[in-house]
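**Q**
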Amino acid sequence: MKTDAQIAQAAVMKPIKEIANHLDLLEDEVELYGNYKGKLSLDVLERLKKKQDGHLVLVTAINPTPAGEGKTTVNVGLSMGLNRIGKKAITAIREPSLGPCFGIKGGAAGGGYAQVVPMDDINLHFTGDFHAITSAHNLLAAMLDNHLHQGNELQIDPKQIVWKRVLDMNDRALRKNVIGLGSKADGFTRESGFDITVASEIMAVLCLATSLEDLKARIARMVVAYSYEGNVITAADLNATGAMTLLLKEAIKPNLVQTIENTPALIHGGPFANIAHGCNSIMATKMALKLSDYVITEAGFGGDLGAEKFFDIKCRFGELSPSAVVLVATIRALKMHGGTNKNELNEENLSSLSQGMSNLERHLSNMAKFGVPVVVSINRFPSDTEAEIELLRETCLTYGAEVILTEVFTKGGEGSIELAEKIVDMCENEISHFTPLYESDNRIEEKINCIAKEIYGAEGVDFTTAARKQIKNLENHHLDKMPICMAKTQYSFSDDPSLLGAPNNFRITVREVKVSAGAGFIVAITGQIMTMPGLPKIPAACGMDYTSNGEIIGLS
Numbered sequence: 001m002k003t004d005a006q007i008a009q010a011a012v013m014k015p016i017k018e019i020a021n022h023l024d025l026l027e028d029e030v031e032l033y034g035n036y037k038g039k040l041s042l043d044v045l046e047r048l049k050k051k052q053d054g055h056l057v058l059v060t061a062i063n064p065t066p067a068g069e070g071k072t073t074v075n076v077g078l079s080m081g082l083n084r085i086g087k088k089a090i091t092a093i094r095e096p097s098l099g100p101c102f103g104i105k106g107g108a109a110g111g112g113y114a115q116v117v118p119m120d121d122i123n124l125h126f127t128g129d130f131h132a133i134t135s136a137h138n139l140l141a142a143m144l145d146n147h148l149h150q151g152n153e154l155q156i157d158p159k160q161i162v163w164k165r166v167l168d169m170n171d172r173a174l175r176k177n178v179i180g181l182g183s184k185a186d187g188f189t190r191e192s193g194f195d196i197t198v199a200s201e202i203m204a205v206l207c208l209a210t211s212l213e214d215l216k217a218r219i220a221r222m223v224v225a226y227s228y229e230g231n232v233i234t235a236a237d238l239n240a241t242g243a244m245t246l247l248l249k250e251a252i253k254p255n256l257v258q259t260i261e262n263t264p265a266l267i268h269g270g271p272f273a274n275i276a277h278g279c280n281s282i283m284a285t286k287m288a289l290k291l292s293d294y295v296i297t298e299a300g301f302g303g304d305l306g307a308e309k310f311f312d313i314k315c316r317f318g319e320l321s322p323s324a325v326v327l328v329a330t331i332r333a334l335k336m337h338g339g340t341n342k343n344e345l346n347e348e349n350l351s352s353l354s355q356g357m358s359n360l361e362r363h364l365s366n367m368a369k370f371g372v373p374v375v376v377s378i379n380r381f382p383s384d385t386e387a388e389i390e391l392l393r394e395t396c397l398t399y400g401a402e403v404i405l406t407e408v409f410t411k412g413g414e415g416s417i418e419l420a421e422k423i424v425d426m427c428e429n430e431i432s433h434f435t436p437l438y439e440s441d442n443r444i445e446e447k448i449n450c451i452a453k454e455i456y457g458a459e460g461v462d463f464t465t466a467a468r469k470q471i472k473n474l475e476n477h478h479l480d481k482m483p484i485c486m487a488k489t490q491y492s493f494s495d496d497p498s499l500l501g502a503p504n505n506f507r508i509t510v511r512e513v514k515v516s517a518g519a520g521f522i523v524a525i526t527g528q529i530m531t532m533p534g535l536p537k538i539p540a541a542c543g544m545d546y547t548s549n550g551e552i553i554g555l556s
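As numbered in the UniProt record's numbering, the sequence shown has no gaps in its residue numbers, which increase by one up to the final residue, 556.
#1: Report the option in Met143, Ile93 and His137 whose CA atom is closest to the CA atom of Ile282.
#2: Specify, as a first and last residue, the run of the alpha helix (DSSP H) that Asp425 falls within.
#3: Near Tyr294, what residues of its chain come up, given a Cβ to Cβ distance below 6 Å and the 5 sequence neighbours on each side ignored?
#4: Taking DSSP as the reference, what is the three-state secondary structure of Ala114?
#5: May I have a chain-ordered list of the alpha helix (DSSP H) segments no shorter than 4 residues that lie completely inside the segment 322-380?
#6: Take the Cβ of Ile431 as the centre, count every other Cβ of all protein chains shown within 10 Å, and call the residue buried at 16 or more, exposed below.
#7: What residues in its chain sit with their C-beta under 8 Å from that of Leu387, if we drop five residues either side in the sequence?
#8: One question on the structure: do Leu248 and Ala142 come within less than 8 Å of each other, judged by their Cβ atoms?
#9: What's the C-alpha gap between Ala225 and Glu445?
#10: Only counting the same chain, and skipping five residues up and downstream in sequence, which positions put a Cβ closer than 7 Å to that of Ile313?
#11: Would you call the CB atoms of Lys37 and Asn379 closer than 8 Å?
#12: Excluding five sequence neighbours on each side, which residues of the same chain lie with their C-beta closer than 8 Å to the C-beta of residue 614?
#13: Return yes when the Cβ of Gly543 is within less than 8 Å of the Cβ of Arg218, no when it is not.
#14: Which same chain residues, not among the five before or five after Leu392, have their C-beta less than 8 Å away from its C-beta?
#15: Let me make sure I understand the geometry here. Which of Asn343, Gly339 and Asn274 has the alpha-carbon closest to that of Phe310?
#16: What three-state label does DSSP hand Val76 in the structure shown?
#17: Are Thr526 and Val510 closer than 8 Å when you measure CB to CB?
#18: When you compare only the Cα positions, how much space is there between Ser323 and Cys427?
#19: Can you check whether the CB of Met13 is closer than 8 Å to the CB of Val117?
#20: How would you write the range of the beta strand (DSSP E) that Gly38 sits in, first residue to last?
#21: Over the uninterrupted alpha helix (DSSP H) stretch that includes Val205, give me the two end residues.
#22: CA-CA distance, Pro497 and His337?
#23: Leaving out five residues on either side along the sequence, give the residues of the same chain with a beta carbon under 8 Å from the beta carbon of Asn57.
#24: Which same chain residues, not among the five before or five after Phe102, have their C-beta less than 8 Å away from its C-beta?
#25: Could you give the C-beta distance for Val257 and Ala265, rounded to a whole number, given that I count them as a contact under 8 Å?
#26: Using only the alpha-carbon positions, how far apart do Val76 and Asp495 sit?
#27: Take the Cβ of Leu397 as the centre, count every other Cβ of all protein chains shown within 10 Å, and call the residue buried at 16 or more, exposed below.
#28: Please list the terminal residues of the continuous alpha helix (DSSP H) segment that includes Met244.
#29: Any idea which residues DSSP pairs Pro264 with across the strands?
#30: Below 8 Å, how does it come out for the segment 178-196 and the segment 145-165: are there three or more Cβ pairs, yes or no?
#31: Taking 8 Å as the cut-off, decide whether the C-beta atoms of Met532 and Phe194 are in contact.
#32: Is it buried or exposed, Tyr491, if we count other Cβ atoms within 10 angstroms and call 16 or more buried?
#33: Report the rounded CA-to-CA distance for His268 versus Asn177, giving the unit in angstroms.
#34: Can you look up Gln160 in the DSSP assignment and give me helix, strand or coil?
#35: Ala114 and Pro96 look like a contact to me (Cβ under 8 Å); what is the Cβ gap, rounded to whole Å?
#36: Rounded to the nearest angstrom, what separates Asn429 and Leu291 at their Cα positions?
Pasting the structure below:
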């Protein structure tokens with residue numbers, strides 16, 4: 001089979017104007033970025049505000065393993081399958097980050113014959129949104145340090161600055177550093193560091209804003225530091241709001257592209273789900289709901305991270321009501337959760353599969369707590385045996401869940417016809433009773449304990465002394481009545497990435513709690529989660545190249 005890059009380069013794309021016409025967009029609502037990319041004007045939301053929304057379908061997954069699950073691939077394939085059966089569907093997903101693209105995870109444009117294109121543009125610089133976010137973030141950092149250098153009128157305590165700089169690349173050497181070295185003219189000397197761009201609060205703000213005015217308001221209230229007297233210092237205090245908004249004036253507009261089968265795709269924003277809220281922008285999702293009958297969106301990593309944040313953060317702020325959930329798994333990944341070594345995944349192992357099903361069961365149980373109908377999609381691999389498939393079906397029936405095999409990687413939209421028909425049936429005949437897991441007004445410890453116990457299966461939560469002090473500080477500043485954004489390993493329900501399956505008898509340790517006041521949520525950091533990842537021993541970048549005849553090598 002051809003590589004992802006070869007398949008994408010061979011795709012016959014339609015001019016983006018044709019894709020826009022299919023969605024009944026007006027000519028002045030689409031700004032062209034070449035022939036195959038476009039940005040959509042926010043006027044679309046105003047023009048269609050009285051139009052009934054389509055159905056919102058979330059694609060989530062079991063906890064990821066090195067065996068792969070293919071969540072985005074199923075998402076893209078399902079949108080194509082819906083169009084094949086005569087439904088007007090859009091896939092609405094996140095933009096890829098350069099960090100994982102050149103690191104170990106690879107791109108995020110789907111795979112095989114279920115990709116969004118132009119794949120190389122999407123996985124690299126795309127329309128410049130991440131560069132704009134990086135620039136806006138670092139402008140605020142520069143204005144903060146300049147304020148210190150120019151006399152510190154706000155009496156900012158350099159020891160209580162919480163705003164770092166960002167870069168959209170995995171670079172562990174930048175996690176902690178000292179800035180302002182040199183002469184007095186070179187700035188105030190202090191400790192600082194870098195996060196990856198997708199961990200920037202501005203990324204979250206962009207993805208959770210519901211209008212340009214809301215974006216400006218969110219930027220204004222972002223907390224950057226505290227004064228010597230303990231007062232909150234915001235972006236508005238530094239008079240940075242207007243200039244930052246100016247840098248984001250194009251980035252706020254959703255991006256329109258297409259799949260390999262010319263199904264419309266809105267790709268916008270890209271917060272990680274292990275260190276941020278893991279969903280594409282509210283504006284892109286709302287726009288898609290007005291432009292189509294079915295919107296297939298996704299949330300990062302497994303359901304314990306992305307789906308929980310989709311429900312408790314994105315849907316809460318966006319007043320969204322999902323109609324159905326697709327829970328993606330592979331037999332290979334389930335066998336890894338059951339103890340099979342990665343090198344033995346091609347061999348039939350019913351015992352490991354049976355053991356690993358506990359991970360799928362817990363995710364199914366969790367989805368039921370939000371009141372949304374769910375179907376299991378098995379992303380089929382050639383190594384899956386009939387006995388394994390039958391065991392999977394039988395076990396899921398005992399959980400009260402239906403299982404549908406998909407083969408979108410090798411067959412494109414044709415490989416998701418059965419799943420597409422099931423989604424239509426669920427949306428038309430099953431009633432979603434969507435309800436968030438907890439109330440935002442609950443105490444911070446209560447909300448964190450609720451997520452840990454109800455979603456992770458933990459016995460409880462332990463807070464470090466530093467975390468308790470930070471919680472008390474947020475309460476004193478009346479910054480505690482917000483949803484929780486858990487920063488946790490994606491590989492396990494616990495905060496220990498080695499505990500696969502569905503572990504029991506464990507506790508979660510919260511070592512740091514900080515507020516993202518602009519985004520509107522509180523971040524609880526567990527385990528060894530890094531907001532600036534590092535590269536692996538052999539980065540994916542080592543296998544990439546671009547030849548003189550235009551062939552892309554190693555990008556997927």
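Even for Gly, the Cβ is constructed at its ideal location relative to N, Cα and C.
These figures come from a predicted structure and were not determined experimentally.
**A** For this structure:
#1: Ile93
#2: Ile417 to Asn429
#3: Gly54, His55, Leu82, Lys87 and Ala89
#4: strand
#5: 331-337 and 350-368
#6: exposed
#7: For the sequence presented, residue 387 should be read as Ala rather than Leu. For Ala387, where only same-chain residues beyond five positions count, the Cβ hits under 8 Å are Glu348 and Leu350.
#8: no
#9: 23 Å
#10: His277, Pro483, Cys485 and Phe521
#11: No, these two residues do not count as a Cβ contact at 8 Å.
#12: Outside the shown range of the chain, which is 1 to 556, sits residue 614, and nothing can be said about it.
#13: Going by beta carbons, Arg218 and Gly543 fall outside the 8 Å limit.
#14: Ile331, Leu334, Leu353, Met357, Ile378 and Val403
#15: Asn274
#16: In the three-state scheme derived from DSSP, where H, G and I count as helix and E and B as strand, Val76 is classed as helix.
#17: yes
#18: Each residue's Cα considered, the two are about 6 Å apart.
#19: Yes, these two residues count as a Cβ contact at 8 Å.
#20: Gly38 to Leu40
#21: First-last of the alpha helix (DSSP H) with Val205: Glu201 to Leu208.
#22: 12 Å
#23: Reading off the sequence shown, one finds Val at residue 57, where the question assumed Asn. Non-local C-beta neighbours of Val57 in its own chain, meaning closer than 8 Å and more than five positions away in sequence, comprise Leu78, Tyr294, Val295, Ile296, Thr297, Pro322, Ser323, Ala324, Val325, Val326, Ile423 and Cys427, ordered along the chain.
#24: Met169, Asn170, Leu535, Pro539, Ala540, Ala541 and Met544
#25: 5 Å
#26: 30 Å
#27: exposed
#28: Run containing Met244: Thr241 to Leu247, per the alpha helix (DSSP H) assignment.
#29: For Pro264, which the question treats as bridged, DSSP gives the partners Gln258.
#30: yes
#31: Going by C-beta atoms, Met532 is nearer than 8 Å to Phe194.
#32: buried
#33: 31 Å
#34: strand
#35: About 15 Å; that fails the 8 Å criterion.
#36: Inter-residue distance for Asn429 and Leu291 is about 22 Å (C-alpha atoms, whole angstroms).
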